[in-house]
Amino acid sequence: MNTTENKLYYILISCSIFIGLYLYNPLHLYFLGDDFLHIPESIHNVWMQQNSIRPVGNFSLHLDYWLYKTNAVGYHFTNFLLHFVNSILVGIISFQLFKKFKIPSNKGLHYIVAVFFFIYPFHSETIFWIIGRSASMGALFFLASLFYFFKKENKIVYAALSILFYQIALLSYESSWLFPLTITLIYFFDKRNNFSSNKKNIYFTALAWLLLVVNIVVRIVFTGNVFNHYDTQAFASFDFKLLALNFLRLLFRTWLPPFYNIAYFKMAVFVVVFVVAVVLFVLYKKKKLNIFFVLLTLLWLVSHLPYLALGIDTHGTEGERFLYMPSVFFCFWLMYVLSNIFSAKYFLYVSLLLIVLQLYFLKQTRTYYVKAGKITHQTVQQINLLSNKERIFIEHLPQYNKGAVVFRRGLNEALQWLYPHQQSKLIIVSIDDSDVKPRKNHVHFFEILYSNKNFPKQVNSVLVWNGINYEQKDTTGIIFNPNKDAWLNFNDTTLTIIR
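Below is the structure:
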């Protein structure tokens, strides 16, 4: 790059960071659905939650409560700090990886990799949903382990630190299970390092695999399963078609935002396939399809493996936390490919275009979580104001907002935690269909309305939580009495209260 291009390059990086800081600011974000279960359990030192062993994340929630009590902004600030530190580590690891394989970084490639990861919009749950931080905590210690892995040849203490951080990562999130495979692939493709004759490398890799096996055995002993109840169905039934489809969804959602219309998503997939084919052809013509490219491609592809049974939503943001670790390797891969296709000047232009697109999608995604938080916040506040009522009937209880969790579960727990004096009985009459029917358009605002239509109603069925989902139960006829009870009716933009 010449002097002018260098200036533009660093201006682009600086502007991207500042805009990202604004979009990630924790103001106007609140607790969502499952937060109301996991935070109180973490406060009371319940370290095994929902059949998962993630004590590091639980401890972080406990620490946040000690610092911020019930102020959601503080918890979201912690989420932001984790992501910010991870972005720095992504830049450092990319520099170490490029250096190890003698990849020239004359374009300051590691800086743009870090920025691209920082504003990457499709792992939003990890930053905007408090308990989504498990993914970023797993990545934090995974990346710290990789950092010392690249330095371990210098001092034995670095090897010990790498193993230590790897063990902490294993207690944070299942994405860290990738570490032994990651270092095995790096050793395999590093032709300058004769892995088979280097006993230190063999011992280190074997120890990493052994730690993984030990942690899986411990998990089975304490929980009875390798995976929690979310993960087991596809593996237990050997549904390889579903696993393959989940892999493809994860892979293409790394590139693409959620689409309301599945036909549009499929069209976008064909565009991505075409672009990748062109990229491969150009790299082939430039003789850039080298060992390092193959390594980055494999690291990116295998990073999806821990989430095959879960997949990801193609209509909303649900499941985007599963893209947090894959997005690390995707950023490595994409920036390396672009730097080998374009000259420094055009690399700058393409980076600008991609960053603008990312910031647009990030801004859009933030609005989903802001509204979801507004719904949960105003709902529990209004229910608290109705503490003089014997019963509160709830109709069309919102489950999601464009994939952002609202009250998929956790309403009763929210009241027990935030307003323990509220003793009104909640009766769930119905839930909305946002978990099965995507919304075409997103309306940002949400308001409270009060109605005077205070006439009695008869309720012939209610929904009861069975520990996994809501079950419909017939009743002999419960009568809503407006003198003693309150009725809450939700739609996409309003909560109407009959009191």
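Numbering (this note's numbering), first residue to last: 34 to 532. Where a beta carbon is used, it is the ideal one built from N, C-alpha and C, also for glycine. Source: prediction; values computed, not measured.
What residue range is occupied by the uninterrupted alpha helix (DSSP H) comprising Trp498? It is not in any alpha helix (DSSP H) - Trp498 instead sits in the beta strand (DSSP E) that spans 490-498.
Proximity below 8 angstroms, CB of Ile461 to CB of Leu430: yes
Alpha helix (DSSP H) runs wholly inside the region 345-405, at least 4 long, in chain order: 357-374
Spatial neighbours of Thr526 in its chain, beta-carbon cut-off 8 angstroms, leaving aside the 5 residues before and after: Val476, Phe478, Phe479, Glu480
Report the rounded CA-to-CA distance for Arg441 versus Phe222, giving the unit in angstroms. 45 angstroms
Three or more C-beta pairs under 8 angstroms: does that hold for the region 373-391 against the region 334-353? no
Residue environment, Lys274, which counts as buried when at least 16 other CB atoms sit within 10 Å: exposed
Using 8 angstroms for Cβ pairs, my map puts Leu41 next to Leu381. What's the rounded Cβ distance? 6 angstroms
With distances taken between CB atoms, is the gap from Trp288 to Val315 smaller than 8 angstroms? no
Which residue from Ser93, Leu100, Ala147 puts its Cα closest to that of Leu367? Ala147
Once you ignore the five residues that flank Thr73 on each side, which residues in its own chain have a CB closer than 7 angstroms to its CB? In the sequence as displayed, the identity of residue 73 is Pro instead of Thr. Taken in chain order, the residues that qualify are Glu446, Trp450.
Just to confirm my understanding: we take Phe285, look at its own chain, exclude 5 residues before and 5 after, and list those with CB closer than 7 angstroms. What are they? Val302, Val305
Can you look up Ser536 in the DSSP assignment and give me helix, strand or coil? Because the chain is modelled from 34 through 532, residue 536 falls outside the range shown and cannot be assessed.
Using 10 angstroms around the beta-carbon of Thr103, count the other beta-carbons present and answer buried if the total reaches 16, otherwise exposed. exposed
Residues near Phe280 in its chain [Cβ-Cβ closer than 7 angstroms; skip 5 each side]: His337, Leu341
For Ala172, which residues does DSSP report across the bridge? BP columns for Ala172 are empty, so no partner.
Under DSSP, the alpha helix (DSSP H) around Phe92 begins and ends at which residues? 88-101
Simplified DSSP assignment, three categories, for Trp80: coil
Contact under 8 angstroms by Cβ, Thr217 with Thr238: yes
Complete runs of the alpha helix (DSSP H) confined to the region 437-517 [at least 4 residues]: 444-451
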